[in-house]
Amino acid sequence: MSWGTELWDQFDNLEKHTQWGIDILEKYIKFVKERTEIELNYAKQLRNLSKKYQPKKNSKEEEEYKYTACKAFLSTLNEMNDYAGQHEVISENMTSQITVDLMRYVQELKQERKSNFHDGRKAQQHIETCWKQLESSKRRFERDCKEADRAQQYFEKMDADINVTKADVEKARQQAQIRHQMAEDSKADYSSTLQRFNQEQWEYYHTHIPNIFQKIQEMEERRIVRIGESMKTYAEVDRQVIPIIGKCLDGIVKAAESINQKNDSQLVVEAYKSGFEPPGDIEFEDYTQPMKRTVSDNSLSSAKEGKPELKFGGKSRGKLWPFIKKNKLMSLLTSPHQPPPPPPASASPSAVPNGPQSPKQQKEPLSHRFNEFMTSKPKIHCFRSLKRGLSLKLGATPEDFSNLPPEQRRKKLQQKVDDLNKEIQKETDQRDAITKMKDVYLKNPQMGDPASLDHKLTEVTQNIEKLRLETQKFEAWLAEVEGRLPARSEQARRQSGMYDGQTHQAVTNCAQDRESPDGSYTEEQSQERELKVLATDFDDEFDDEEPLPAIGTCKALYTFEGQNEGTISVIEGEMLSVIEEDKGDGWTRIRRSEDEEGYVPTSYVEVYLDKNAKGAKTYI
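In short: position in the sequence shown from 1, add 11, done, that's the working numbering.
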C-alpha cells in the first residue's frame, strides 16, 4: 500500500491530514507539560504538608515525639517527603525524555513536511505549465489548419473564376501553399508538444508524485511511531518510580507496625510519675465528746518548751497536698491551717459604744476539718520554703528543680549532670589539643610562640573547674533525691505504714518542709548532711530577703493571744500594718514591726486598706 499510487489525486487532503497529525503531536506535548506541572505542584504540596507537621526544634512538640506513635507519624512525614521527591523525578524525566524531544521532533517534522509539499507543488506547477503549452500548441495547429483550408478554398474559387486575372490566381495559390505549410508546422509542433506533455505527465503521476507522497507517508508513519514511543516512555517513567514509592509505603507500614502501646504507656509513667505515696487512711474524729482546742505540737511555743521530736504512725504520714491547686500553695505554706477562733462573746469595757457585735458560734465547715487534717503533721516553715513557694507563684524555676515531683526532679538532675559531663569532656579535649599544640611549639619554635597559648589554656582550665564544681553541686542534689526516693522493698513497707516520720529540731523541720507544696518530696535519710546543706542554703539565699509592703492598717477590736505557729498576739485598740488580706480562710496577715508579723483572725480586727481610704472595710 502506497499513498503515491492509491492517493495520487489527493494532494490537498494529504496536506490537511499531515497538518492534523502535527496538531495531535503538539496536543500530546501540551498534555505531558501539564502533567509535569501537576506532578511538581503535587510534590510541592506534599513537601509543604510534611514540613507543616514536622515538630519544631526546641519546642514541646519535639519532646512529644519520644512516643512510638509520634515516631511513626514522624517516619510517615519523612516517607511522604521522599514520596514527593519521586513525583519530582517523574516531572523531570517526562520533561527531559518526552517534552523536550517531542518539541524538537515537531520542529524537524514541520520542516520536512514543508519541504515535501513544496516539491509536490513544484511538480504540480510543472505539469500544469506543460499542459498549458500543449493547449497553446493545439489551438495554434487548429487555427493554422482552418486558415489553410480557407486559403485552399479561396484559391480554388479564384482558379475557377474566368474573370480573374492569372496573376490573382497565382497569388491565391501561393497564399494557400503558405497556409498549408504553417499548418504542417503547427501540426509538427503540436505533435512534439503532446509527446513531451505525455512524457511529463507519466513521470508526474508515476514518478514524482509517488516519490513525494512516499516521503510524506514515511514522515507520517514516523510521527505515529514517535508518539507511540513517547506514550511508552510516559508509562515507563511512572513505572520506574513505583518500586521506590513502594518502599516509601513499606516504610510507612513498618513505622505503623513499630508502634508499641505498652512502651508508650511506660513513657507516660516516666514522664508524669511524681514519686509520692498515696495518702493514708483518714482517722476517725469523734465529735460526740466536748473537745478543747489545745496548743499545736508544732507551734513556736512548744518548740521553746523543749519538745524535741514527735512520732507519727506510718498511715498518718499520707499526704493529700498533691491534689491541692497551685494558687493555694502560699496560703498553705504560711497561714495557720485551722479555722480562726470566734471573737469574744461581748466587747471589753474599753470598747467603743455600739461596736461590732460578736458573731454567733457556727459549726466548723468540712473544709476547715479537711485543712486541719492536712496540717496534722507538725511542721515549722522556714524562710527557704516560703521563698521557694513565692518563686513558684511568680513562675521562676529553682536551680535544683525542687518545684518538681521526686521522680521528675531526679530525671532533670540526671539530664543536667549528663550535659555538664559532656561540656567537661568537650573542654577537656580542647585543653588536651592546646597542650599538644604547645608541646609542638616548644619543640619547633619556628611554628609559633608557646606563650601565646597560656592565656587560652588558663581560660579552658578555669572553665573545666567551674563545670566540675557545677557538676558536683548537681550530683549532690541528685544523690539527695536518689537517697530519698523509696526503693521497691521500702515502698511496700511505706504503704503498709512501717515507717515513722521524725522531727528533731527547727532546722530539720525546715528541711522536711521541702516535701510540702513548694514542689519537692523529701524523706530524712541523713540529718547531719541535711543540716549542713540547709544551713548553707539558708545563709546564701535569705540575706537579701525583703519584707512584704504594707497595704493598709488595722485596729484590734479584741485581744488575741497568738499561740499557734504563724499567729501573732494583739491587744485591743492596737494599730498595726496589714501586709496580706483575708484570702477566704478567716485570717489576715499583719505586722507590728520589721521583725514581728503573723496572722490574726479577721473578725478580731478592723481593716483600713489604702485603696479604700475614704471608707473603712471591716471584717466582722
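Cβ atoms here follow ideal geometry from the backbone N, Cα and C, with glycine treated the same way.
For this session: Kindly indicate which residue of GLU139, VAL589, GLU231 and LYS168 has the alpha-carbon position closest to the one of PHE208.
Result: GLU139
For this session: State the Cα-Cα distance for the pair PRO528 and SER285, rounded to the nearest angstrom.
Result: Only weak support exists for where PRO528 lies, its pLDDT of 38 falling under 50; the value from the coordinates is given anyway. Each residue's alpha carbon lies about 13 Å from the other.
Problem set entry | LEU587 - DSSP class collapsed to helix/strand/coil | strand
Problem set entry | Three-way DSSP call (helix, strand, coil) for THR578 in this model | Note: THR578 maps to strand in three-state DSSP.
Exercise. Taking three-plus beta-carbon pairs below 8 Å as touching, is the region 418 to 432 in contact with the region 471 to 490?
Worked result: Enough Cβ pairs lie closer than 8 Å, so yes.
Exercise. Is DSSP giving LYS566 helix, strand or coil here?
Worked result: strand
Problem set entry | Buried versus exposed call for TYR201 [16 or more other C-beta atoms within 10 Å across all chains shown] | Buried.
Problem set entry | Buried versus exposed, by CB contacts within 10 Å (16 or more), SER148 | Here SER148 is buried. Its C-beta has 16 or more other C-beta atoms within 10 Å.
For this session: Determine contact between the region 249 to 258 and the region 45 to 58, defined as no fewer than three beta-carbon pairs at a distance below 8 Å.
Result: No contact exists between the region 249 to 258 and the region 45 to 58.
Exercise. In three-state DSSP terms, what is ILE109?
Worked result: helix
For this session: For my contact list, GLU493 and ARG421 are in at a C-beta cut-off of 8 Å; report their separation, rounded to the angstrom.
Result: 6 Å
Exercise. Is the region 168 to 175 close to the region 97 to 115, with three or more CB pairs under 8 Å?
Worked result: no
Exercise. How long is the line joining the alpha carbons of ALA134 and THR218, rounded to whole angstroms?
Worked result: 10 Å
Problem set entry | Endpoints, alpha helix (DSSP H) assigned at SER202 | Where SER202 is concerned, the enclosing alpha helix (DSSP H) starts and stops at 177 to 214.
For this session: For the region 111 to 121 and the region 69 to 88, state whether three or more C-beta atom pairs, one from each stretch, are separated by less than 8 Å.
Result: no
Exercise. According to the Cβ coordinates, are ALA83 and ALA266 closer than 8 Å?
Worked result: In this structure, ALA83 sits near ALA266, with a CB-CB distance shorter than 8 Å.
Exercise. Since TYR39 contacts ILE238 with CB under 8 Å, what's their CB separation in whole angstroms?
Worked result: So it is a contact: roughly 6 Å between Cβ atoms.
For this session: Give a yes or no on contact between the region 189 to 205 and the region 151 to 164, applying the rule of three or more CB pairs nearer than 8 Å.
Result: Touching, per the Cβ criterion.
For this session: For LEU620, name the three-state secondary structure that DSSP assigns.
Result: strand
Exercise. Counting pairs of beta carbons, one from the region 13 to 32 and one from the region 225 to 235, are three or more of them closer than 8 Å?
Worked result: yes
Exercise. So, helix, strand or coil for ILE173, using DSSP?
Worked result: Three-state DSSP puts ILE173 in coil, outside helix and strand.
Problem set entry | Own chain, CB closer than 8 Å to THR16, minus 5 neighbours either side, in chain order | Excluding five sequence positions before and after THR16, the CB atoms of its chain that fall closer than 8 Å to its own CB belong to PRO221, given in chain order.
Problem set entry | Beta-carbon proximity list for ASP460, same chain, < 8 Å, skipping 5 on both sides | TYR452
For this session: Would you kindly work out how many angstroms separate the C-alpha atoms of HIS137 and LYS143, rounded to a whole number?
Result: 10 Å
For this session: Going by CA-CA distance only, name the one from ILE256, GLY573 and ARG479 that's closest to GLU608.
Result: Minimum Cα distance to GLU608 is reached at GLY573.
For this session: For the region 17 to 73, list the alpha helix (DSSP H) runs that are entirely contained and at least 4 residues long, ordered along the chain.
Result: 22 to 63
Exercise. What's the C-alpha gap between ALA178 and ARG190?
Worked result: 19 Å
Exercise. Around the Cβ of LYS433, are there at least 16 other Cβ atoms within 10 angstroms (buried) or fewer (exposed)?
Worked result: exposed
Problem set entry | Expected contact under 8 Å - CB spacing of ILE590 and ILE562 to nearest Å | 6 Å
Problem set entry | Rounded straight-line distance, which links the Cα of GLU37 to that of GLU122 | The residue asked about is misnamed: residue 122 is Gln in this sequence, not Glu. Going by the C-alpha atoms only, they are around 15 Å apart.
Problem set entry | Same chain, Cβ closer than 7 Å to THR408, neighbours up to 5 away in sequence not counted | ASN414
For this session: List the residues that DSSP assigns as beta-bridge partners of PHE571.
Result: Paired residues: VAL581.
Problem set entry | CA-to-CA distance, ARG442 to ASN474, given in whole angstroms | 10 Å
Problem set entry | Through-space distance from ILE255 to ASN69, alpha-carbon basis | 32 Å
For this session: Find out if the Cβ-Cβ distance for the pair LEU120, ALA95 is shorter than 8 Å.
Result: no
Exercise. Closer than 8 Å, CB to CB, is ASP465 near chain B or not?
Worked result: Note that chain B does not occur in the displayed structure, where there is just one protein chain.
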